[in-house]
Amino acid sequence: LVIYPAAEIIPDANRIQEGLQKLEEEKKQYVKKLREQFKTEESARIQNIIEEFKENLVEFQGSVAMESYIGYFFDQTVSFFDYFDNEDTLFFLDEPGRLVEKGEAVETEFRESMIGRIEKGYILPGQMDVIFGYKQILSLLSRKNSILMSTMEAKNVPITPKRKYDFTVQSVPSYNNNFEVLVKDLERWKRNKYRVILLSGSRTRAMRLSEDLRDFDLNAFYSEDMDRELQSSEIMVAYGSLRRGFEYPLIKLVIISESDIFTNEKKKKRKKSAYEGKKIQSFTELTPGDYVVHENHGLGIYRGIEKIEVEGVTKDYIKIEYGGGGVLYVPATGLDVIQKYSGSEGRKPKLNKLNSVEWKNTKAKVRGAVREIAKELVELYAQRQEKKGFRFSLDTVWQKEFEEAFPYEETYDQLNAIEDTKRDMESDKIMDRLICGDVGYGKTEIAIRAAFKAVADGKQAVFLVPTTILAQQHYNTLVQRMKDFPVSVDVLSRFRSASEQKKTLERLRKGSLDILVGTHRVLSADVKFKNLGLLIVDEEQRFGVTHKEKIKQFKKDVDVLTLTATPIPRTLHMSLVGIRDMSVLDEPPVDRLPIQTYVLEHNEEIIREAINRELARGGQVYYVYNRVNGIDEVANTVAGLVPEASVAFAHGQMHERELEKIMYDFISGEIDVLVSTTIIETGMDISNVNTIIIDDADRLGLSQLYQLRGRVGRSNRTSYAFLMYKRDKMLKEIAEKRLHAIKEFTELGSGFKIAMRDLEIRGAGNLLGAQQSGHMEAVGYDLYCKMLNEAVKSMKGEEIEEEVFETTVDMDMDAFIPATYIKNEVQKLDIYKRIAEIENEEELMDMQEELADRFGDLPNAVNNLLNIALIKSICHSVYVTSLVQKGNEVTLTMYPKAKLAVEKFPELLVKYQNSLKLIPQANPYFIYRMPGNPKGKSDNMNIFTNLEKLLEDFKLLLEEKGEKE
């Protein structure tokens, strides 16, 4: 029995011997060449590296990483394409011209990086040929069967095609409810022997459309068989959806969508009732053992999905374990009332007991506290609305020119926030707006435009920031942006001497200074403005109590714009609409690239490589080591790895002057690598730093890791984050989960999306006061936001939607996702959550398409599940709290407090004759006998169609006021 090592390449003894001989020969030649160039350090380095590799290779019999030396051991290497048979494989090249450009760029970058490493003695020249060049790849591809796809006809196609096909597809016109024009076009297509398919979003409408077309002698027919082969001049109407139709003259095919025929009005969505709350956003990361909140039963532990069979019918249930061993099984279609518990990281919440008053008491206590904060906020807002402030003029020509000079493209969120800010400034109320956005999402530009607007109207603006470094950064930015306009900018900080500060204050008093940037020094008694119109506060929560009080005084008389990077999620934002003016930036800037994140053991070679790669493109590097003891030694080690780099270290216990000098030098580009503690976590915004290496990353919290990683990637360059932990260290489970999460969630704006709940609660605490954070811990973040939303509406005298009521649907058929269909438990839960959100037929069809596309044909049980979710949604919209179907008998129980038009009951009962009965009790219910006698699965679609028709007719019973559809 031979057990081979787990390595990609397993060379035999002869191959190792021959390779080592070639390696030795090239090493001698190259060392000689370096010595002739008087590069003694480089020659010694390459000698040591090669000798170490040779020793390891001999000692471990080839089981070492030898990929970078592959050319010495194998005369010929194969490419990815060699694994595919020439005849039986078809390659698709999407936009070949661009592929060549990209290939050339990647190869050039790789070769430049390798040349730098060869010159410094890290590798031998022969190691350059470890990848195939793009020309070699094109040569290999030219021997394969390929299809090249280009949007436009390209002149310099890398591979000469044997045949060209031009797909001329044109849009069909919008008929805007004009049936006559549609009929004329259909007649023309029919004469010209075209095949025509019309798609409709519901089966009923599709059948009706085919009947209408037959009235015009067009012989249209309805079919559910989309695979049917259409003959020339045939017109088929089918159940399906497509955003826009098209005409394909080459094969004489036309497809027309429902939106092409009828006016594209926005679909009126049913108003969501209060019970739905915020449906779980984070199920993709919910795993057995996580805490969840059920709105009616409280806090429990999610234990997974269980399949339960009752009287021959199988369904999936979500199992939740409560305190005292209680277990609750929630039908998979009832995920609307469950939320993942969101509290601070690492803190274990107390479980509730099933059917105890404890949860009710907790909710009542939190509801009371929420009512108090809502009252306070509403009253404060009303006072501010009454007080009149300065009304700024509409935008001037200069304002437009200034904004057009912005070198980047604004995001949609940014434009909205700018519009909101200007609207506030142009009104006579005193502005107090919060701009909240993820790191690097363009908050500063909004503030700069507001400042320019204030100056254009003869007012002064002040930019208040928490640190001297930030003050310097904002000052530099403002000077750069204002350089073409007669706007004076100055900074007030400890970087300035006493005489310089005196001059600045004098200019401020006289009104010859337009914009002042400064730390809390700006709040001192000797700082007097001639005509202050706008205060911009960056990260207000980082100021002390005294300073916050001073800021409050400012808020009484001048417009205030506050910026924060601490995520304030949409849920909380929506709860505060109308009592707190807030703009949220969710959208990443154009061209911003996700940060490439790697989690790995501490490796000096990788550190050296990462720093060299960044320096080679003119960038800078953060190296985070979060302990003051030994940080100087770490800086020396890093300096030893990259002797050509300028390395410095910084930590919070340094003298302020020394720390500021280092930071200033780093911002100015005089330091290449900054070894630092987590003091860089907030506020540092240097677009030239695009690599961060975090040592002992397993010791940091998730929010810290996220904030630290956000220090890079502030430009359109690819940025890198290396999260390292000690070699051979067994990571604790929570640390491993954290590092996995930060690696997984690299997409832009993750600060609003991933498990940043400790951050979100911190953000909410900053906004509403620290005491409220405790109430959030008690009921979970999402439920707290919902309660706050209701309390605010109540205080403002707005109508609150009906009390919470749940709708349950119990049908006599299998409804679950089989383990053979979706094997991954997390994926399955995510799909269940999305099925629970289905509200109309279009969403049901979208879900069907997606499932078929991802997992294959839908089993009957899954189709049933989708249809039950739709039935449940319709039931809720017509105040049905329970629907139970057994065979052809259905019992529908109404919500006791539903506002129903009682006088319309007889009309409904007459329409259904003997098949529908009303049982008038305290909780009235209907018994409906469906036509036919459903026995098998094939009848399930008939059951759903009958129920949809009945529930549609139930809308007759709603009072006019209730019809907010």
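For the sequence shown, the residue numbers in the working numbering are 1 to 965.
We put the CB at the ideal spot given by N, CA and C, even for glycine.
Taking the alpha-carbon positions, what's the residue i to residue j distance?
i, j, result
"Thr-92", "Glu-656", "It is worth fixing the name first, because residue 92 is Phe in this sequence and not Thr. Each residue's alpha carbon lies about 60 angstroms from the other."
"Met-149", "Val-169", "15 angstroms"
"Asn-972", "Ala-645", "The chain is shown from 1 up to 965; residue 972 falls before or after that span and cannot be answered."
"Lys-164", "Asp-810", "57 angstroms"
"Met-894", "Met-207", "32 angstroms"
"Asn-177", "Phe-221", "20 angstroms"
"Pro-906", "Ile-305", "44 angstroms"
"Leu-523", "Leu-851", "59 angstroms"
"Ile-874", "Ser-202", "15 angstroms"
"Thr-504", "Asp-526", "12 angstroms"
"Thr-287", "Val-862", "22 angstroms"
"Thr-418", "Lys-365", "Here residue 418 is Ile; the residue named in the question, Thr, does not match the sequence. Approximately 39 angstroms, taken between the alpha carbons."
"Leu-354", "Thr-333", "21 angstroms"
"Asp-88", "Ser-146", "11 angstroms"
"Asp-166", "Ile-667", "54 angstroms"
"Leu-299", "Lys-319", "13 angstroms"
"Asp-695", "Val-712", "16 angstroms"
State the DSSP-derived secondary structure class of residue i, mapped to helix, strand or coil.
i, result
"Gln-127", "helix"
"Glu-977", "Given that the chain is displayed from residue 1 to residue 965, the structure contains no residue 977 and the question cannot be resolved."
"Ile-679", "helix"
"Tyr-622", "strand"
"Gln-653", "coil"
"Tyr-784", "helix"
"Leu-900", "strand"
"Ala-635", "helix"
"Arg-204", "The amino acid at residue 204 is misidentified as Arg; the sequence shows Thr. Helix, per DSSP."
"Asp-225", "coil"
"Lys-319", "strand"
"Phe-179", "helix"
"Leu-970", "Any property of residue 970 remains undetermined from this structure, which presents the chain solely from 1 to 965."
"Ser-646", "coil"
"Trp-398", "helix"
Grab me the residues of residue i's own chain with a C-beta within less than 7 angstroms of its C-beta, minus the 5 sequence neighbours each way, in chain order.
i, result
"Ala-471", "Val-465, Val-491, Ser-493, Val-517, Gly-518 and Thr-519"
"Lys-363", "Val-779"
"Glu-842", "Gly-201 and Ser-241"
If I measure Cβ to Cβ from residue i and keep anything under 8 angstroms in the same chain, skipping five residues before and after, which residues do I get?
i, result
"Ser-915", "Tyr-928, Arg-929, Met-930 and Pro-931"
"Arg-244", "Ser-171, Val-172, Ser-257, Ser-259 and Asp-260"
If you follow the beta strand (DSSP E) that residue i is in, where does it begin and where does it stop?
i, result
"Met-582", "581–585"
"Asn-690", "689–694"
"Leu-523", "Note, Leu-523: premise wrong, no beta strand (DSSP E); not H, not E."
"Lys-917", "916–919"
"Pro-331", "327–331"
"Leu-90", "90–94"
"Leu-434", "432–437"
"Arg-195", "195–200"
"Lys-307", "298–310"
"Asn-145", "145–149"
"Met-894", "889–894"
"Phe-463", "460–464"
State the start and end residues of the unbroken alpha helix (DSSP H) segment that holds residue i.
i, result
"Asp-290", "Element bounds for Asp-290: n/a, residue is neither H nor E."
"Met-930", "From DSSP, Met-930 is part of no alpha helix (DSSP H); its letter is neither H nor E."
"Phe-73", "70–73"
"Asn-860", "860–877"
"Gln-47", "40–59"
"Phe-855", "841–855"
Excluding five sequence neighbours on each side, which residues of the same chain lie with their C-beta closer than 6 angstroms to the C-beta of residue i?
i, result
"Ser-715", "Ser-687"
"Val-100", "Pro-158"
Between the stretch 419–436 and the stretch 623–633, can you find at least three pairs of beta-carbon atoms closer than 8 angstroms? Under the three-pair Cβ rule at 8 angstroms, the stretch 623–633 does not count as touching the stretch 419–436.
Using 8 angstroms as the threshold, is the stretch 155–170 in touch with the stretch 82–102, meaning 3 or more CB pairs across them? These segments touch.
Any contact of the stretch 444–461 with the stretch 593–601, i.e. 3+ C-beta pairs under 8 angstroms? Between the stretch 444–461 and the stretch 593–601, the count of Cβ pairs shorter than 8 angstroms is below three; the stretches do not touch.
Say whether the stretch 310–328 touches the stretch 376–395, bearing in mind that this needs 3 or more beta-carbon pairs closer than 8 angstroms, one atom from each stretch. At 8 angstroms Cβ cutoff, the stretches do not touch.
Report yes or no: do the stretch 603–615 and the stretch 636–644 share at least 3 C-beta pairs separated by less than 8 angstroms? The stretch 603–615 is in contact with the stretch 636–644.
Assess contact between the stretch 388–398 and the stretch 552–559, defined as three or more Cβ pairs (one per stretch) separated by less than 8 angstroms. Is contact present? Under the three-pair Cβ rule at 8 angstroms, the stretch 388–398 counts as touching the stretch 552–559.
I'd like to know if the stretch 881–898 and the stretch 814–826 are in contact, where contact means that at least 3 CB-CB pairs between them fall below 8 angstroms. Contact between the stretch 881–898 and the stretch 814–826 is absent, because fewer than three Cβ pairs lie under 8 angstroms.
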